[in-house]
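Q: Submitted below is the structure of interest, expressed as structure tokens.
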Amino acid sequence: MNNTLLEINNIYFIFLMMAAAVPVGFFAGFFGIGGGLISVPFLFFVFEAFNVDKDYLMHLSVGTAFSITILTATASVLTHRKYNAV
Numbered sequence: 013m014n015n016t017l018l019e020i021n022n023i024y025f026i027f028l029m030m031a032a033a034v035p036v037g038f039f040a041g042f043f044g045i046g047g048g049l050i051s052v053p054f055l056f057f058v059f060e061a062f063n064v065d066k067d068y069l070m071h072l073s074v075g076t077a078f079s080i081t082i083l084t085a086t087a088s089v090l091t092h093r094k095y096n097a098v
């Protein structure tokens, strides 16, 4: 695979992740559901479109969603701590 094709795939992947953040954030905030409920299936189909080995699709999807959750939860805890709301 040449570098140009790799860069296009990376840009496309980043765009898809950013596009997914909007509905995930909306539904998680508006309905109070976990973001993983939406992001795991989305990540599964994105990774499948990028030809990730089928043996790793679900593990990678869940792990990526969990990593995102850890980052947002940490930011939330720090913000609540800052305002003495913990």
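Position one of the sequence shown corresponds to residue 13 (this note's numbering), numbered consecutively onward.
Backbone N, C-alpha and C define an ideal beta-carbon position, used for all residues, glycine too.
Could you tell me the distance, in whole angstroms, from the CA atom of Phe27 to the CA atom of Val34?
A: 12 Å
Q: What residue range does the alpha helix (DSSP H) around Phe57 cover?
A: Gly48 to Ala61
Q: Taking the CB atoms as reference points, tell me whether Ser79 and Leu55 lie closer together than 8 Å.
A: It is not a contact, given that the beta carbons lie outside the stated cut-off.
Q: When you compare only the Cα positions, how much space is there between Thr86 and Tyr95?
A: 15 Å
Q: Suppose contacts are defined by Cβ-Cβ distances below 8 Å. Is Ile50 in contact with Phe62 by that definition?
A: no
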